[in-house]
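A.B. asks: All the letters of the sequence shown, read from the start, carry residue numbers 439 to 544 under this note's numbering. Note that beta-carbon positions come from the ideal geometry of N, C-alpha and C, so glycine has one too.
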Amino acid sequence: MSDVCLDCGACCETFRVSFYWAETDAHPQGRVPHALTTAISPYLVCMRGTERKPSRCVALLGEVGRAVSCNIYEQRSSTCREFDAGTEACNRARQQHGLPSLRLKK
Ligand code: SF4
Ligand code: SF4
439 MSDVCLDCGA
449 CCETFRVSFY
459 WAETDAHPQG
469 RVPHALTTAI
479 SPYLVCMRGT
489 ERKPSRCVAL
499 LGEVGRAVSC
509 NIYEQRSSTC
519 REFDAGTEAC
529 NRARQQHGLP
539 SLRLKK
């Protein structure tokens with residue numbers, strides 16, 4: 439999370455956060471706690487709570503738009519690591535929570 443994310447968290451409460459099951463600790467090299475995920479296909483899992491609408495990742499702490507943190511920050515999935523602030527998807531999530539758009543990254 440970048441600094442701007444610490445008082446946002448909108449993406450963690452908007453999208454289905456899915457990734458390959460082997461990123462979970464059910465695989466010897468995986469790190470994401472398997473207990474915090476749910477299967478959505480034979481190969482994919484998502485963070486629990488993001489498989490439904492309204493969505494909220496089970497690992498998100500705090501209040502969106504005020505102060506948030508990720509309870510599994512060091513173990514979060516590649517999907518979370520690769521999601522950047524200042525992208526169109528980021529701004530879509532922010533808009534859904536009534537937060538102002540960020541300047542788009544070039
Ligand atoms: S929606 Fe954007 S600014 Fe908000 S936490 Fe996610 S990446 Fe950060
Ligand atoms: S694991 Fe952490 S960074 Fe990823 S969606 Fe959940 S709260 Fe957000």
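Between which two residues does the alpha helix (DSSP H) harbouring residue 527 extend?
C.D. replies: That run of the alpha helix (DSSP H) goes 526 to 534.
A.B. asks: Buried or exposed: residue 506, going by 16 or more other Cβ atoms within 10 Å of its Cβ?
C.D. replies: That one is buried.
A.B. asks: Mind checking whether residue 496 and residue 456 have CB atoms under 9 Å apart?
C.D. replies: For residue 496 and residue 456, no; Cβs fall outside 9 Å.
A.B. asks: Please state whether DSSP places residue 493 in a helix, a strand or coil.
C.D. replies: Coil.
A.B. asks: Sorry if obvious, but does the Cβ on residue 450 come closer than 8 Å to a heavy atom of ligand 1?
C.D. replies: Residue 450: yes, Cβ under 8 Å from ligand 1.
A.B. asks: So residue 476 and residue 461 are in contact, right, with Cβ under 8 Å, and what is the actual spacing, rounded?
C.D. replies: Not confirmed; about 14 Å, so no contact.
A.B. asks: Would you grab the beta carbon distance between residue 515 and residue 452 for me? Rounded to a whole angstrom, and I think it's under 8 Å.
C.D. replies: Actually they are not in contact, since the Cβ atoms of residue 515 and residue 452 sit about 16 Å apart, beyond 8 Å.
A.B. asks: For residue 540, which residues in the same chain have their Cβ closer than 8 Å to its Cβ, ignoring the five residues on either side in sequence?
C.D. replies: Around residue 540: 442, 523, 524, 528, 529, 532.
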